[in-house]
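S.K.: Quick one: structure below, then a few questions.
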Amino acid sequence: MLSKNIEVALNKQIRIEAESSQTYLSMACWAEIHGLEGISQFMYAQSEEERIHMLKLIKYVNERGASAEISALKAPRNNYKTFKEMFEELYKHEVFVSDSINELVHITFSEKDYATHNFLQWYVSEQIEEEATAKNILDKINLIGDDKGGLYLFDRDIQQMITVA
Ligand code: OFO
């Protein structure tokens, strides 16, 4: 059985994962309407991945005798000046999610809930990966600068970075 504090904290994370999914869905749309096919595929996959993160939390909360809450979501931003700005947002967002997971892990310690602590380790590793991917992409974008040919190749190559887990 989960404590009330843990239930509340996990439900907050469920909302964050759902909002992440919506944020990346909005980025996918922006890239699609701007003709950035590869980037858009990447963002659709990211959105899917965040939904899986959300579902994993929902199942865990319900299985542990508490209730997962499906709440209203904040509307994501739907416009970007450049694709670089969009990826900067993605990186910032992933850092925010990592902070939130860390906070959650901290709460499990203070509540002595080692089962949830153990469950969250998957998210800790996932965030290391996601932050690294976002950082890697930003480094590539900085190399490309304003070069149109570089953007063309980047849009093609980013599809190789698609993973859904
Ligand atoms: Fe990329 O955020 Fe989920 O965990």
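Quick note on numbering: the sequence shown equals residues 1 to 165 in the UniProt record's numbering.
Here a beta-carbon is modelled for each residue, glycine too, at the ideal position from N, C-alpha and C.
Just the Cα atoms here: how many angstroms apart are Met86 and Gln160?
M.R.: By one-based count along the sequence shown, residue 86 stands at place 86. By one-based count along the sequence shown, residue 160 stands at place 160. Roughly 19 Å between the two C-alpha positions.
S.K.: Run the proximity test for Val97: is its beta-carbon closer than 7 Å to any non-hydrogen atom belonging to ligand 1?
M.R.: Locating residue 97 in the sequence shown gives position 97, counting from the first residue. The answer is yes for Val97.
S.K.: Determine, using beta-carbon pairs with one atom in the segment 9-23 and one in the segment 54-69, whether at least three such pairs fall under 8 Å.
M.R.: Yes: at least three Cβ pairs fall under 8 Å.
S.K.: Tell me which same chain residues have a C-beta within less than 6 Å of the C-beta of Leu90, skipping the five on either side of it?
M.R.: The residue labelled residue 90 in the question sits at position 90 within the sequence shown. Contacts found: Ala134.
S.K.: Excluding the five sequence neighbours on either side, which residues of its own chain have a C-beta within less than 7 Å of the C-beta of Ala28, listed in chain order?
M.R.: Stepping through the sequence shown from its first residue, residue 28 is reached at position 28. For Ala28, where only same-chain residues beyond five positions count, the Cβ hits under 7 Å are Ser40, Met43, Tyr44, Ser47.
S.K.: His106: buried (16+ other C-beta within 10 angstroms of its C-beta) or exposed?
M.R.: For the purposes of this step, residue 106 is taken as residue 106 along the sequence shown, with counting starting at 1. When all chains shown are included, His106 counts as exposed.
S.K.: Measure the C-alpha to C-alpha separation of Gly150 and Ala31 and round it to an integer number of angstroms.
M.R.: By one-based count along the sequence shown, residue 150 stands at place 150. By one-based count along the sequence shown, residue 31 stands at place 31. Whole-angstrom Cα-Cα distance: 16 Å.
S.K.: Please report how far the alpha carbon of Lys4 lies from the alpha carbon of Phe154, in whole angstroms.
M.R.: As a first step, residue 4 is located in the sequence shown; it is residue number 4 there, counting from the start. As a first step, residue 154 is located in the sequence shown; it is residue number 154 there, counting from the start. Their Cα atoms are separated by approximately 46 Å.
S.K.: Is it right to say Phe83 is buried, meaning 16 or more other beta carbons lie within 10 angstroms of its own, or is it exposed?
M.R.: Locating residue 83 in the sequence shown gives position 83, where the first residue counts as 1. Result: buried.
S.K.: Got a sec: does ligand 1 put a non-hydrogen atom nearer than 7 Å to the Cβ of Ser125?
M.R.: Here the question's residue 125 lines up with position 125 in the sequence shown. No.
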